[in-house]
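Below is one structure, written out as structure tokens, with a few remarks after it.
2 protein chains.
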Amino acid sequence: MIGVAILGYGTVGSGVQKILSENRGHIARMVGDEVRLTHVVDIRPLSNMPPEVVVTQRYEDVLEADEVKIVVECIGGAVAAYEFTRRALESGRSVVTSNKELVSTKGDELLDIARAHSAMYLYEASVGGGIPLLRPISQCLRANHILGVDGIVNGSTNYLLTRMEREGVSFPAALGEAQRLGYAESNPAADIEGWDARRKLAILAHVSFGARLSDEALIPTTGISSLTPDDLRCARAFDGAVKLIAHARVQNDQWNGWVSPAVVDGDSPLYGVSDVFNAVVVHGDCVGDCMFYGRGAGSLPTASAVVGDVIDAAQHLNTPKQEMDFEVIPAFALDKEERANWLVRVMGADQETRKRVQEALNVEKMAELESVSGEKMTAVRTGPMTDLEADQAQARLEGLAKGSFIRFLR
Amino acid sequence: MIGVAILGYGTVGSGVQKILSENRGHIARMVGDEVRLTHVVDIRPLSNMPPEVVVTQRYEDVLEADEVKIVVECIGGAVAAYEFTRRALESGRSVVTSNKELVSTKGDELLDIARAHSAMYLYEASVGGGIPLLRPISQCLRANHILGVDGIVNGSTNYLLTRMEREGVSFPAALGEAQRLGYAESNPAADIEGWDARRKLAILAHVSFGARLSDEALIPTTGISSLTPDDLRCARAFDGAVKLIAHARVQNDQWNGWVSPAVVDGDSPLYGVSDVFNAVVVHGDCVGDCMFYGRGAGSLPTASAVVGDVIDAAQHLNTPKQEMDFEVIPAFALDKEERANWLVRVMGADQETRKRVQEALNVEKMAELESVSGEKMTAVRTGPMTDLEADQAQARLEGLAKGSFIRFLR
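The listed protein sequences derive, respectively, from chains Y and S.
Counted the way numbering that gives the first Met the number 0 counts, the first sequence spans residues 0 to 409.
Counted the way numbering that gives the first Met the number 0 counts, the second sequence spans residues 0 to 409.
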């Protein structure tokens, strides 16, 4: 029997308990041994737990139980979760988690500890919820050099943008509705400011091309709170849709990336990814572009990825698998030369406005359309510009286009 | 050093050679040993082969070379490929292939032989080319029961349907163009009659829920050669697109499925899958719907999946991995009760035609539109009907709707 302990019995933890219990026979056949939940650690009192499971507030009970071989960390955050993960790995137990905050801030160190103690630290569920993503990249695509990734990795913001586009509602109104429906947190900052997407991008960059997880702190990040339904309408005038994109590329043994709203063209596979769905496009040198799509959150989808990792850990208790071994760990470097087309929204469409726009911008396409409130507005797709050139152009347009420069995803 | 032999040096075989050579250092680091191409078996004379590679027409040279541990079968077909694969597995060597014909017809037997000789038979590249698909299903999603799959798994037919829809050209015209561009074979029967998609569906059903590969022969299959651009136009009138769909479901410990043109609704992730791209939606009981998308063919994409399997085989030379072990091997059973909405195209839109349509069909939606040649036509989306009921309705419409009943994918 292989014992499993769950730390933190919330949305994901309870989903893991449910799957381990309902698919017990199926899992035992794959592992060749029974995989059984033996301990749950939570500071709250828990009801409805099977009698054979030890429910405790003392983490030490897990460390003292020899039958526990795998620890599922569902605490969240990077304080107690870090402490408990480190001690479990140091005791030779494998740890499975969906905690992207801990993986992105302390993952480099925790992976080193895991290697030193012949244990595994697995976090498939930390990006894309239940979508198979990290293991396909690091295993199935390993004949490739991965050149870059582009993803929609935060379901809450994708839901907000979908509502704003389809119903023309403002950002605050869409957020209020999403909070009522449980699609956005009561404290939504990590989602809407792009921090959650930034953590996931660091993890994707790690498994794709060996980036240091802690480089997360260097990724330029812009959230979606300043977007208006008029911006989304302008994007649609050029057959595009605005998404919160997590983008990374490798160039000359360094990597760079950003998290930012961007316009996705109608012929991109990311274009149709709406509501709470997530999708990641991986660019490989042999395979070209592959996309992985599905629900990026939720109790059972996320728990299904966690249990997939538990099965993997259980199958490799005595032969922990080699972590992927990369040729270089490229450093993060801002790419100041990267050029993008930009979407610019200007209120008004009279001759004088159009003239100022023509003078200030390298106009590739221009369209006149109506705002949500019925005013005329002008939408422009510019020629390629760097971030700096876009800032300069924005200054030239002062008073006309405040805060409405959005890059097109190439 | 781990020796690799390639049997058949065509499109895929030469791609495998290229990746093994160019990514040699990267692969050696992952495997912990050098993985080197030592033999190529082909009946044609080959030029430009590195001098250290033995080029031979005698397969026995491979069996006699102790350093060859992994055989890459790129011969195609099920005759010589079967013989050579069987003998390699019996000698304890692992075999990697993209040969869906062999896997679907002889895979059950070959997997048994592999298990009996502690070897691996790997075929990730046989479905979806380079898209990670079979391993994510059998490994990452293994905490789920897979309830079904729906895929666009044949790039040639998807390309033809895209051209017919966008340009309004006939099936023969689109086929001729695709053959000139190399997107369709000179003998296109296996693609356009759906046989290639049927083989891939059998493989997907095998890894998803333990179907016998040889049940492939039982899958009802309809190709795309009778479709017209007017059918595609009618589908678009209901925000849908016609795709060649490979569909399978598990019900009551049996499985069923079909390969057939079907109308995909605009809100399905399969809707935007155009040109030569492939995509497969997997329905899991915990994860919900996941989609895997990318190029389903081509030398380097397919070879990248083959080399991924070669790396896997090389890492498990002495510890061949457990094949997934399913609870049941469900038998194939036609699902005569399955109901679908149907798209019906009727030439003409006069009062008499509409009256006959209303009498013959359970009409859910009706639209009047123009055919490619400028005639009026009537498009109908019916209420749910079984295949038998659709046949009966078609008989009632005799003379009005010949051959233009297409099911909607649910």
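Where a beta carbon is used, it is the ideal one built from N, C-alpha and C, also for glycine.
Here the structure is a predicted model, which is why all the values come from computation and not from measurement.
Once the 5 residues before and after residue i are set aside, which same chain residues still bring their CB inside 6 Å of it?
| i | result |
| --- | --- |
| Ala313(S) | Ile1, Val30 and Val34 |
| Met365(S) | Val379 |
| Thr161(Y) | Ser273 and Asp274 |
| Glu192(Y) | Gly222 |
| Lys242(S) | Ile151 and Val263 |
| Gly14(Y) | Ser298, Leu299 and Ala302 |
| Ala304(Y) | Glu123, Ala124 and Gly129 |
| Phe407(S) | Val262, Ala339 and Asn340 |
| Asn143(Y) | Gly283, Asp284, Cys285 and Val286 |
| Gln357(S) | none |
| Met48(Y) | Val54 |
| Gly127(S) | Asn277 and Gly295 |
| Pro268(Y) | Met290 |
In this structure, what does DSSP give as the bridge partners for residue i?
| i | result |
| --- | --- |
| Trp341(S) | Arg406(S) |
| His410(Y) | For residue 410(Y) there is no data in the structure shown, the boundaries of chain Y being 0 and 409. |
| Ile145(S) | Gly283(S) |
| Ile151(S) | Ala278(S) |
| Glu367(Y) | Thr377(Y) |
| Ala330(S) | Gln253(S) |
| Met410(Y) | Nothing can be reported for residue 410(Y): it is not among the residues displayed for chain Y, which extend from 0 to 409. |
| Met346(Y) | Met376(Y) |
| Val362(Y) | Thr381(Y) |
| Thr10(S) | DSSP, once it has assigned bridges, lists no residue as partnering Thr10(S). |
Using a Cβ-Cβ cutoff of less than 7 Å, which residues in the same chain neighbour residue i once the five nearest sequence positions on both sides are dropped?
| i | result |
| --- | --- |
| Asp229(S) | Arg344, Ser370, Val371 and Met376 |
| Gly147(S) | Ala247, Arg248, Val249 and His282 |
| His116(S) | Leu88, Glu89 and Gly91 |
| Arg338(Y) | Pro383, Met384 and Thr385 |
| Ala77(S) | Glu100, Leu101, Thr104 and Lys105 |
| Ser112(S) | With the sequence shown as reference, residue 112(S) is identified as Ile, and Ser is not the correct amino acid for it. Excluding sequence neighbours, Ile112(S) sits near Arg85, Leu88 and Glu89. |
| Arg395(Y) | Ala359 |
| Ala64(Y) | Gly2, Thr37 and His38 |
| Tyr270(Y) | Ala240, Val263 and Asp264 |
| Ala27(Y) | Glu33 and Val34 |
If contacts are defined as beta-carbon pairs under 8 Å, then residue i and residue j qualify, I think. What distance do you get, rounded to the angstrom?
| i | j | result |
| --- | --- | --- |
| Thr55(Y) | His38(Y) | 7 Å |
| Val286(S) | Pro300(Y) | 5 Å |
| Glu66(S) | Asn98(S) | Glu66(S) to Asn98(S), Cβ: 24 Å. No contact. |
| Leu200(Y) | Ile218(Y) | 6 Å |
| Val94(S) | Asn277(S) | Contact flag wrong, Cβ pair sits at about 24 Å. |
| Tyr292(S) | Ile130(S) | 7 Å |
| Val258(S) | Thr220(S) | 4 Å |
| Ala183(S) | Ser155(S) | 5 Å |
I'd like the list of long-range same chain contacts for residue i, defined as Cβ closer than 8 Å, with 5 residues on each side in sequence excluded.
| i | result |
| --- | --- |
| Tyr122(S) | Val95, Thr96, Ser97, Asn98, Lys99, Val102, Gly106, Leu133, Ile202 and Asp308 |
| Asp334(S) | Arg248, Gln250 and Asn255 |
| Ser169(Y) | Met163, Thr227 and Pro228 |
| Asn22(Y) | Val306 |
Examine the ligand MG and report whether any of its heavy atoms sits within less than 7 Å of the Cβ of residue i.
| i | result |
| --- | --- |
| His246(S) | Ligands are entirely absent from the displayed structure, and the ligand MG is therefore not among its contents. |
Given a limit of 7 Å on CB to CB distance, which residues of the stretch 284-303 of chain Y reach chain S? Cys285, Val286, Gly287, Asp288, Cys289, Met290, Phe291, Tyr292, Gly293, Arg294, Leu299, Pro300, Ala302 and Ser303
Residues in the stretch 353-380 of chain Y having any Cβ partner in chain S nearer than 9 Å: none
Can you list the alpha helix (DSSP H) stretches of 4 or more residues lying completely in the stretch 51-121 of chain Y, in chain order? 59-62, 79-89 and 99-115
Residues within the stretch 244-260 of chain S neighbouring chain Y, beta-carbon criterion of under 7 Å: none
Check distances from the C-beta atoms of the stretch 21-34 of chain S to those of chain Y and list, in chain order, the residues that come in under 8 Å. Asn22, Gly24, His25, Ile26, Arg28, Met29 and Gly31
Taking only runs of the beta strand (DSSP E) that begin and end inside the stretch 243-303 of chain Y, which ones reach a length of at least 3 residues, in chain order? 253-264, 276-283 and 287-294
Listed from N- to C-terminal order along the chain, which residues in the stretch 106-132 of chain S have their beta-carbon within a distance smaller than 7 Å of any beta-carbon of chain Y? Glu123, Gly129, Ile130 and Pro131
Just by C-beta distance, which residues in the stretch 139-160 of chain S are closer than 9 Å to chain Y? Cys139, Leu140, Arg141, Ala142, Asn143 and His144
Using a Cβ-Cβ cut-off of less than 8 Å, give me the residues of the stretch 49-75 of chain S that come near chain Y, in sequence order. none
List, from N- to C-terminal side, the beta strand (DSSP E) runs of 3 residues or more that fit wholly inside the stretch 171-253 of chain S. 239-250
Any C-beta of chain S within less than 8 Å: which residues of the stretch 1-13 of chain Y qualify? none
Output needed in chain order: residues of the stretch 270-281 of chain Y with a Cβ under 9 Å from some Cβ in chain S. Tyr270, Gly271, Val272, Ser273, Phe276, Ala278, Val280 and Val281
The stretch 202-221 of chain S: which residues have C-beta closer than 8 Å to a C-beta of chain Y, in chain order? none
Using a Cβ-Cβ cut-off of less than 7 Å, give me the residues of the stretch 160-188 of chain S that come near chain Y, in sequence order. none
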